[in-house]
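Below is one structure, written out as structure tokens; comments come after it.
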Amino acid sequence: MDISDEGLTLDRQWIDLGHNVCGVLRGCRTASAVAARFVCAGWSSRSSSWHGYELETSWCQVEIDPIDGSDVLLNGVVDPARLDDLGRLLGFFGLPYELELSDENNALVRAIRG
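Everything in the sequence shown is counted per my numbering, starting at -15 for the first residue and increasing by one.
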């Protein structure tokens, strides 16, 4: 299952923040398989394109889309204090990742990888 509206919705305080996180997930079978992992962790998921998904919880809302090979692009908004939580979740899923957090001026604030 890769579609679920059972999870939490993004807290309103993060909606106006704008996109502040982007990254790449390495070695994924499909974006659908990634979405299914998030659904199992209690996030909501909905289709956003032919092969992409929007994933959401109270502190993060991201879109994932397949790119070349077995990589998946991730971008959206995250509570800046929870970037490490997103990284830990991806690590728990066994997904190698690179994430970048930007400020309101699109300047790089932090980069993490796992």
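Glycine included, each C-beta is placed from N, C-alpha and C at the ideal position.
Values in this document were obtained by computation on a predicted structure and should not be read as measured data.
Pair within 8 Å by beta-carbon distance, residue i and residue j
i   : j   : result
H3  : G60 : yes
L58 : I51 : no
L73 : L9  : no
T41 : W27 : yes
Close-in-space but distant-in-sequence residues of the same chain around residue i (CB under 7 Å, 5 per side omitted)
i   : result
L92 : E84 and S86
Which listed residue (the options) has its alpha carbon closest to that of residue i
i   : options          : result
G7  : R13, N89 and L79 : L79
S32 : Q45, R94 and I96 : Q45
V56 : L70, V23 and S16 : S16
Reduced DSSP category for residue i - H, G, I as helix; E, B as strand; rest coil
i      : result
L92    : strand
S33    : coil
P50    : strand
M(-15) : Unreliable positioning characterises M(-15) in this predicted model, as indicated by a pLDDT of 45, which lies under 50. A coordinate reading is not provided.
G7     : strand
L73    : helix
Alpha-carbon spacing of residue i relative to residue j, whole angstroms
i   : j   : result
I96 : Y81 : 8 Å
A65 : A19 : 23 Å
Contact test: residue i Cβ vs the ligand HEM heavy atom, cutoff 7 Å
i   : result
F76 : Among the components of this structure there are no ligands whatsoever, and the ligand HEM is therefore not found.
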